[in-house]
Amino acid sequence: MALKVMIVDDSLFMRKMLRDILVEEGYEIADEASDGVEAVAKYKECLPDLVTLDIVMPNKSGIEALQEIMAYDAGARVVMCSAIGQEALTTAAAEAGAKAFILKPFNPELVTRVLREVAQG
């Protein structure tokens with residue numbers, strides 16, 4: 001059975017890019033969200049196996065959303081997505097419970113390898 005992934009990014013282009021990579025690799029897209037508020041609500045609705053979560057987003061940052069998701073489900077497997085130059089934010093995300101990080105722009109091989117490793121624990 002395919003793992004369900006929720007994609008969270010304020011950029012429609014980035015969500016589409018990740019969706020294309022993940023569908024090609026056999027993942028099921030559980031849902032998508034465009035900001036942190038939507039991410040938390042949709043996480044609670046669909047309870048995905050994995051989440052890709054952008055760090056910098058409007059309304060609620062990825063780190064704030066991560067903290068709320070982890071408080072709701074301590075077993076959540078969240079992979080943060082960040083652009084180069086956001087190293088300080090990746091440290092905060094790791095402290096909040098992120099399992100791994102993927103740098104933008106996305107490298108399809110790296111995305112699938114990181115998600116596979118996080119899914120396997």
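Mapping to full-length UniProt numbering: the sequence shown position 69 is 69, numbers consecutive. All C-beta atoms in this analysis are idealised placements derived from N, C-alpha and C, irrespective of residue type, glycine included.
Neighbour-count burial assignment, residue i, 16 or more Cβ in a 10 Å radius
| i | result |
| --- | --- |
| Met80 | buried |
| Tyr27 | buried |
| Gly62 | buried |
| Thr91 | exposed |
| Pro48 | buried |
| Gln67 | buried |
| Ala83 | exposed |
| Glu117 | exposed |
| Leu18 | buried |
| Ala88 | exposed |
C-alpha gap between residue i and residue j, whole angstroms
| i | j | result |
| --- | --- | --- |
| Val8 | Met1 | 22 Å |
| Pro105 | Val37 | 24 Å |
| Leu103 | Lys44 | 26 Å |
| Pro58 | Ala71 | 21 Å |
| Asp10 | Asp31 | 14 Å |
Residue-chain proximity (residue i, chain D), Cβ-Cβ < 8 Å
| i | result |
| --- | --- |
| Asp49 | In the structure shown, chain D cannot be found, because there is only a single protein chain. |
Three-state class that DSSP yields for residue i in the structure shown
| i | result |
| --- | --- |
| Leu3 | coil |
| Glu95 | helix |
| Pro20 | In the sequence as displayed, the identity of residue 20 is Asp instead of Pro. Helix. |
| Ala33 | strand |
| Phe106 | coil |
| Met80 | strand |
| Val8 | strand |
| Val40 | helix |
Cβ-Cβ separation, residue j to residue i (assumed contact under 8 Å), whole Å
| i | j | result |
| --- | --- | --- |
| Met6 | Ala33 | 7 Å |
Please confirm if the segment 72-82 is in contact with the segment 91-99, defined as three or more CB-CB distances below 8 Å between the two stretches.
yes
Inter-stretch contact (C-beta, 8 Å, three-pair minimum) for the segment 5-22 and the segment 101-119
yes
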